[in-house]
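In our numbering, the protein residues as written are 182 to 380.
Reading through the structure tokens given below for one structure.
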Amino acid sequence: MSDVLPSKKFLQLIEVLFDVSATVVREFANCKVIRLPEYSNSFIKFLDLNKHKLYHKWENDTPCCHCNNFKNLPHEMTSTKFYMLYQKISDRPIECIKRKGVVMKNGCIKQYCICNIIPQQMITLDDMDISMLAFLLRNSNLTESQVKCIDNLTELRNILCHARSTFSFPDVKLENVKTRLLYYTRKLARMSIRNIIHQ
Ligand SMILES: [Zn+2]
Ligand SMILES: [Zn+2]
Numbered sequence: 182m183s184d185v186l187p188s189k190k191f192l193q194l195i196e197v198l199f200d201v202s203a204t205v206v207r208e209f210a211n212c213k214v215i216r217l218p219e220y221s222n223s224f225i226k227f228l229d230l231n232k233h234k235l236y237h238k239w240e241n242d243t244p245c246c247h248c249n250n251f252k253n254l255p256h257e258m259t260s261t262k263f264y265m266l267y268q269k270i271s272d273r274p275i276e277c278i279k280r281k282g283v284v285m286k287n288g289c290i291k292q293y294c295i296c297n298i299i300p301q302q303m304i305t306l307d308d309m310d311i312s313m314l315a316f317l318l319r320n321s322n323l324t325e326s327q328v329k330c331i332d333n334l335t336e337l338r339n340i341l342c343h344a345r346s347t348f349s350f351p352d353v354k355l356e357n358v359k360t361r362l363l364y365y366t367r368k369l370a371r372m373s374i375r376n377i378i379h380q
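Set out below in structure tokens:
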């Protein structure tokens, strides 16, 4: 590999990241989360049942009609990211299934109604990139070692995707990223396979 140009090595890693690691993370998400009985093997059902939780990852300082004891939460999601997963069925308020609706005070919204928000209807796991998959998985019930593995892959994804050019990394750094990328990708693949074998 020593006579391969650094930019070629970098592009090979990008290929591994997008074509192999992302596929492994998707398969892991499918095995460990989407196939749980409550989601009936449906990513849309997963989004539907997690709508309230994910809504407050974005709208973190105002309660909604689904809240019981609202507490301010960390802001972890942009509206762009949220609306990659969900859509509004109407811009106007619709009948609130919780019968609480929107609450306004002095012209400010004190409570939102999320009943007019539904999952994107054509969305599948294949539409999700590593960072979105990692975000959704971190909000699922995974073990500490599973989360650690996902976090490491996200970190490597960020290192590669935030590079300023294809030849900006020294050889030693490329080798380090390659070793870690392959290690965590294989580790996650083994975790998925174990799950399939035990079904
Ligand atoms: Zn709420
Ligand atoms: Zn509502």
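The beta-carbon is built from N, C-alpha and C at its ideal position, and this holds for glycine as well.
The structure displayed is predicted, hence computed values, not measured ones.
Asked, Found
"For the beta strand (DSSP E) containing residue 285, list its first residue and its last residue.", "284 to 286"
"Excluding sequence positions up to five away, which residues of its chain have a Cβ less than 6 angstroms from the Cβ of residue 245?", "293 and 295"
"Taking 7 angstroms as the line, does the beta carbon of residue 274 fall inside it for any heavy atom of ligand 1?", "no"
"Would you say residue 227 and residue 206 are within 8 angstroms of each other, going by their C-beta atoms?", "no"
"Should residue 233 be listed as close to ligand 1, given that the test is whether its C-beta is under 7 angstroms from any heavy atom?", "yes"
"Could you check the C-alpha separation between residue 300 and residue 236 for me, to the nearest Å?", "11 angstroms"
"Using a threshold of 8 angstroms, state whether the C-beta atoms of residue 317 and residue 202 are closer than that.", "no"
"Measuring straight from C-alpha to C-alpha, what distance separates residue 254 and residue 267?", "20 angstroms"
"Is the Cβ of residue 308 closer than 8 angstroms to any Cβ of chain B?", "Included in the structure is just one protein chain, with no chain B present."
"Assuming residue 195 is part of the alpha helix (DSSP H), what are its boundary residues?", "187 to 196"
"Check whether the stretch 301 to 308 and the stretch 275 to 283 are in contact - that is, three or more C-beta pairs closer than 8 angstroms.", "no"
"Just to confirm before moving on: does the CB-CB distance between residue 232 and residue 290 stay below 8 angstroms?", "no"
"Skipping 5 residues on each side, what residues in its chain have a beta carbon closer than 6 angstroms to that of residue 263?", "239"
"Heavy atom of ligand 3 less than 7 angstroms from the Cβ of residue 295, yes or no?", "Questions concerning ligand 3 fall outside what the structure shown contains, since the ligands it does hold are ligand 1 and ligand 2."
"Does ligand 2 have even one heavy atom less than 7 angstroms from the beta-carbon of residue 282?", "yes"
"Is there at least one non-hydrogen atom of ligand 1 closer than 7 angstroms to the beta-carbon of residue 245?", "yes"
"Would residue 359 and residue 330 qualify as a contact pair, given that the criterion is a beta-carbon distance under 8 angstroms?", "no"
"Assuming residue 315 contacts residue 335 under a Cβ cut-off of 8 angstroms, what Cβ separation, rounded to an integer in Å, is found between them?", "4 angstroms"
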